[in-house]
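Notes follow the structure.
Numbering (the numbering used here), first residue to last: 728 to 904.
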């Protein structure tokens, strides 16, 4: 499965996911979803979670679910998402939504219960550290300790920072990367 963004064809973004045969590297079909698609992650049931960056004007970022048995979008969660990490039945999500109208980013951190498809929290960093993170760029969760790792790209030129939060989302440590 490949997310097609069409990002270099502004304002004519792509809105499809290509299903590719890995033996022949041929595209088998396309699945229509949201525009300007970006990241894909699978859960343990084989559902695919796909992030959409929207159009930066009036169509917001979103999170879609694709059933890989039917290759159809089954749900639109109406949760902004730039990247996510799936751990068990939870999706840890950050979103960075640029808006050309306001010339600013809106940054959010959420945890979604994959069984209920509902946000458990819309702000999983609980100690104020989110104010230090300029541009979240990566996310992971330790499979045993459930520590949450978030990277900060800052301005994409300066050294970044890796933050480690405990399972209650309080900062444990950070390091320049």
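Glycine included, C-beta positions come from ideal geometry on N, C-alpha and C.
For residue i and residue j, I'd like the C-alpha separation in whole angstroms.
i: residue 776; j: residue 835; result: 18 Å
i: residue 846; j: residue 813; result: 14 Å
i: residue 760; j: residue 728; result: 13 Å
i: residue 751; j: residue 745; result: 14 Å
i: residue 899; j: residue 870; result: 17 Å
i: residue 815; j: residue 731; result: 27 Å
i: residue 780; j: residue 795; result: 22 Å
Identify every residue that forms a DSSP beta bridge with residue i.
i: residue 834; result: 823
i: residue 883; result: Note: residue 883 sits in no beta bridge, so no partner.
i: residue 760; result: BP columns for residue 760 are empty, so no partner.
i: residue 802; result: 792
i: residue 787; result: According to DSSP, which records beta bridges pairwise, residue 787 is partnered with nothing at all.
i: residue 810; result: 821
Taking the beta strand (DSSP E) that residue i falls in, what are its first and last residues?
i: residue 890; result: 888 to 892
i: residue 748; result: 743 to 748
i: residue 848; result: 845 to 848
i: residue 864; result: 863 to 868
i: residue 901; result: 898 to 903
Which of helix, strand or coil does DSSP assign to residue i?
i: residue 774; result: strand
i: residue 754; result: strand
i: residue 734; result: helix
i: residue 858; result: helix
i: residue 740; result: coil
i: residue 815; result: coil
i: residue 765; result: strand
i: residue 852; result: coil
Quick one: any contact between the region 847 to 863 and the region 790 to 803, if contact means 3 or more CB pairs under 8 Å?
At 8 Å Cβ cutoff, the stretches do not touch.
For the region 762 to 770 against the region 730 to 747, are there 3 or more C-beta pairs whose distance is under 8 Å?
Proximity of the region 762 to 770 to the region 730 to 747 meets the contact definition, three or more beta-carbon pairs being nearer than 8 Å.
Taking one C-beta from the region 824 to 843 and one from the region 880 to 891 each time, how about it: are there three or more such pairs within less than 8 Å?
By the Cβ criterion, the region 824 to 843 is not in contact with the region 880 to 891, since fewer than three pairs of Cβ atoms, one from each stretch, lie closer than 8 Å.
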